[in-house]
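Participant: Here it is: the structure, laid out below.
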DNA sequence: TTGACATATTCCAGAATTGGAATATTTTGA
DNA sequence: TCAAAATATTCCAATTCTGGAATATGTCAA
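Residue numbers (the numbering used here), protein chains in the order written: chain A, 1 to 116; chain B, 1 to 116.
Have a look at this one:
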């Protein structure tokens, strides 16, 4: 069987470097029309439109018409699931590493011992 | 041209739901042998081995031999780049949302206005 | 040494991604 | 109404991904 539904999911949307750059750009500069992104990213227009399409499907960006252009705006709160997920691991590289690590390893070996 | 090198990158590694589950499991239970993961995740052994391979390539997990089994352990600090990236957007959903949002939008419209 | 166990690797198939080119669509301005 | 501008969509090709089956590899135990 083939690949299973990972698409249309926030984690996948930001797995693409170019899409991350789009997100960064929108965060830094505010809403932008497609053409502006094309210039900044040095990508072909269709490519940009497609990436924006993926981001839009996931809800990371929203569109507004302005004349013949489309303004894309970041809706950053859609990134919260990603933040929530990695946040859990924050303690692994924060400060008192030794104690945390030692504790994790101790628990791990105990679990393994009793599980076999 | 085809897809461009997104593989072997941390963001991609965690884009797969099953791989995230593996990471979660290793975080919660400590180092585990492949067989244990197979049972927990209800995935076929080759599938698990392959996912572990991806995680290993990126450095998210490390392996240790123990008899005929291989113990996979989480090296969570490799997730830091992801955390660093999303952390920037934390303010978008934290507390004083209105003020932040208003400010962002004001700056955005100013930039757009002067850019044209 | 041989056989069973644990895991990795290879090969295959179906689907999905991505960029590029060409084209369609929408909107504005003359 | 018509041409140009801005963007989206479609179609194509090359590549990649993932799971499944079969098989290879390594290791222990008798």
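We put the CB at the ideal spot given by N, CA and C, even for glycine.
Please list, in chain order, the chain A residues whose beta carbon lies closer than 8 Å to that of residue 38(B).
Facilitator: By Cβ distance, chain A contributes nothing, its closest Cβ being about 14 Å from residue 38(B), past 8 Å.
Participant: Using the beta-carbon of each residue, which ones in chain A are nearer than 9 Å to residue 51(B)?
Facilitator: In chain order: nothing, as chain A lies at least about 12 Å away.
Participant: Going by the CB atoms, is the gap between residue 14(A) and residue 21(A) shorter than 8 Å?
Facilitator: Not a contact, by the Cβ cut-off of 8 Å.
Participant: 8 Å is my cut-off, CB to CB: does residue 48(B) come that close to chain A?
Facilitator: no
Participant: Check distances from the C-beta atoms of the stretch 51–80 of chain A to those of chain B and list, in chain order, the residues that come in under 7 Å.
Facilitator: Correct list: 76, 77, 79, 80.
Participant: For residue 61(A) and residue 84(A), which I take to be in contact (beta-carbon distance under 8 Å), what is that distance rounded to the nearest angstrom?
Facilitator: About 20 Å separates the two Cβ atoms, so there is no contact after all.
Participant: By DSSP's criteria, residue 32(A) is part of a beta bridge. Which residues make up the other side?
Facilitator: 72(A)
Participant: Let me make sure I understand the geometry here. Which of 72(B), 57(B), 56(B) has the alpha-carbon closest to that of residue 38(B)?
Facilitator: 72(B)
Participant: What number of angstroms, rounded off, separates the C-alpha of residue 30(B) from the C-alpha of residue 48(B)?
Facilitator: 17 Å
Participant: Mark residue 12(B) as exposed unless 16 or more other C-beta atoms lie within 10 angstroms of its C-beta, in which case mark it buried.
Facilitator: Burial call: buried.
Participant: Less than 8 Å separating the beta-carbons of residue 58(A) and residue 78(A)?
Facilitator: Result yes, Cβ atoms of residue 58(A) and residue 78(A) sit closer than 8 Å.
Participant: Rounded to whole angstroms, what's the CA-CA distance from residue 65(A) to residue 42(A)? Just pull it up for me.
Facilitator: 23 Å
Participant: Identify each residue in the stretch 6–19 of chain B for which the Cβ-Cβ distance to at least one residue of chain A is less than 8 Å, and report them in chain order.
Facilitator: 6, 9, 11, 12, 14, 15, 16, 17
Participant: Along chain B, in chain order, which residues have C-beta atoms closer than 8 Å to that of residue 87(A)?
Facilitator: 83
Participant: Along the chain, where does the beta strand (DSSP E) that runs through residue 56(A) open and close?
Facilitator: Per DSSP, residue 56(A) belongs to no beta strand (DSSP E); it is in the alpha helix (DSSP H), 45–58.
Participant: Residue range of the alpha helix (DSSP H) that residue 77(B) falls in?
Facilitator: Per DSSP, residue 77(B) belongs to no alpha helix (DSSP H) and is neither H nor E.
Participant: Are any of the Cβ atoms in chain A nearer than 8 Å to that of residue 27(B)?
Facilitator: Yes, its Cβ sits closer than 8 Å to a Cβ of chain A.
Participant: What three-state label does DSSP hand residue 63(B) in the structure shown?
Facilitator: strand
Participant: Can you tell me where the alpha helix (DSSP H) with residue 10(B) in it begins and where it stops?
Facilitator: 10–13
Participant: Run the CB neighbour count on residue 45(A), radius 10 Å, all protein chains shown included, and call it buried at 16 or more, exposed below.
Facilitator: exposed
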